[in-house]
Amino acid sequence: MRRADRLFQIVQLLRNKRLVTAKQLAERLEVSERTIYRDIQDLSLSGVPVEGEAGVGYRLLHTLDIPPIMFTSDEIEALVIGARMSKTWAGNELGHSAQTALDKITAVMPAGLRHKIEDSKLFALRFSHRQDVDIHLDICRKAIDNKRVLQMAYCRADGEHSLRRIRPLGLYFWGSTWTLVGWCELRDDFRNFRLDRIQSLQAENETFADSEGQSLQDFIKRMTCQ
15 MRRADRLFQI
25 VQLLRNKRLV
35 TAKQLAERLE
45 VSERTIYRDI
55 QDLSLSGVPV
65 EGEAGVGYRL
75 LHTLDIPPIM
85 FTSDEIEALV
95 IGARMSKTWA
105 GNELGHSAQT
115 ALDKITAVMP
125 AGLRHKIEDS
135 KLFALRFSHR
145 QDVDIHLDIC
155 RKAIDNKRVL
165 QMAYCRADGE
175 HSLRRIRPLG
185 LYFWGSTWTL
195 VGWCELRDDF
205 RNFRLDRIQS
215 LQAENETFAD
225 SEGQSLQDFI
235 KRMTCQ
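This note's numbering puts the first residue of the sequence shown at 15, with every later residue one more than the last.
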């Protein structure tokens with residue numbers, strides 16, 4: 015990556031986040047932290063309103079007026095396939111939002127690049143559609159964001175039925191199926207649930223707080239150690 019391109023990327027990353035450390039910038043741009051420190055200093059000297067300090071993080075003041083972003087051909091293709099996958103696999107609400115976001119991008123894109131969206135040959139197909147899975151996905155996603163307990167009727171692969179109270183933590187997509195990971199109050203442990211095996215689902219008014227040993231980070235740590 016050219017240095018000028020890297021400086022532009024740093025500005026964009028600072029523009030999109032409240033506080034970013036030099037380590038995060040270095041990992042994203044695949045350079046050393048020392049390089050990031052030099053780039054931040056050069057940006058400041060050139061008049062870019064970067065504030066912060068080494069070891070704490072940096073952010074960009076909102077007073078900076080940045081020209082419209084120009085996408086590369088590969089970036090446009092990535093946006094298109096991402097939006098189409100969301101429309102096909104990410105539930106009703108996110109699918110609609112993905113399309114409206116793509117429409118907004120298309121509206122402000124130069125005519126010379128607009129055809130890359132309209133003529134893209136990348137597709138995300140789904141031959142077996144279940145409306146209940148899309149509804150379950152929307153319910154789970156909102157419950158995770160709002161930390162609301164879920165009440166579900168679930169059927170395992172062996173046909174066993176059960177009623178569960180779940181503290182939902184995260185959703186994972188496996189190419190054709192979604193699974194919900196959560197803390198199961200019945201088993202007093204982490205459990206994974208396939209959305210297509212959920213028979214009924216309801217978000218309760220009850221909320222929960224992250225507890226030690228019961229968070230998504232704890233689940234990921236356990237899976238990493240296995």
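Backbone N, C-alpha and C define an ideal beta-carbon position, used for all residues, glycine too.
For residue i, count neighbouring C-beta atoms within 10 Å of its own C-beta (all shown protein chains included) and say buried if the count is 16 or more, exposed if not.
i      : result
Tyr186 : exposed
Ile234 : exposed
Met237 : exposed
Lys101 : buried
Trp188 : exposed
Val122 : exposed
Arg155 : buried
Gly227 : exposed
Gly61  : exposed
Ala157 : buried
Ala112 : buried
Gly126 : exposed
From the DSSP secondary-structure annotation, give me the bridge partner or partners of residue i.
i      : result
Asp65  : Strictly speaking, residue 65 in this sequence is Glu, with Asp absent from that position. Answer by DSSP bridge pairing, in chain order: Arg73.
Ser176 : Tyr168
Cys198 : Ile180 and Asp203
Ile212 : Tyr168
Arg162 : Thr221
Phe187 : Trp192
Val122 : None; Val122 has no bridge partner.
Val94  : DSSP output for Val94 lists no bridge partner at all.
Val34  : Tyr72
Determine, using beta carbons only, whether residue i and residue j come nearer to each other than 7 Å.
i      : j      : result
Asp148 : Gly96  : no
Tyr168 : Phe207 : yes
Leu209 : Trp192 : yes
Val34  : Gly71  : yes
Ala36  : Ile50  : yes
Arg73  : Arg29  : no
Whose C-beta lies closer than 8 Å to the C-beta of residue i among residues of the same chain, with five residues either side of it excluded?
i      : result
Lys130 : Ser87, Ile90, Glu91 and Val94
Ser229 : Leu183
Gly173 : none
Considering only residues of the same chain and omitting the five flanking positions on each side of residue i, which have a CB-CB separation below 6 Å?
i      : result
Glu199 : Arg179
Leu75  : Pro63
Arg7   : In the structure displayed, the chain extends from 15 to 240; residue 7 sits before or after that span and is not available.
Glu107 : Asp152
Glu220 : Val163
Gly196 : Ile180, Arg181, Pro182 and Leu183
His110 : none
His175 : Cys169
Given residue i, which residues of its chain have a CB within under 7 Å of its CB, disregarding the five upstream and five downstream residues?
i      : result
Arg42  : Leu27
Asp53  : Arg20, Leu21 and Ile24
His243 : Lying outside 15 to 240, the shown extent of the chain, residue 243 is not represented and no answer is given.
Arg144 : Asp210
Gln165 : Arg179, Gln216 and Glu218
Ser58  : Val64
Asp202 : none
Please confirm whether residue i has its beta-carbon closer than 7 Å to some beta-carbon of chain C.
i      : result
Val147 : In the displayed structure, chain C is absent; only one protein chain is listed.
Segment contact flag, the segment 170 to 182 with the segment 133 to 147, C-beta cutoff 8 Å, min 3 pairs: Fewer than three pairs of CB atoms, one per stretch, sit closer than 8 Å, so the segment 170 to 182 makes no contact with the segment 133 to 147.
Is it true that the segment 113 to 125 meets the segment 152 to 167, where meeting means three or more beta-carbon pairs spaced less than 8 Å apart? no
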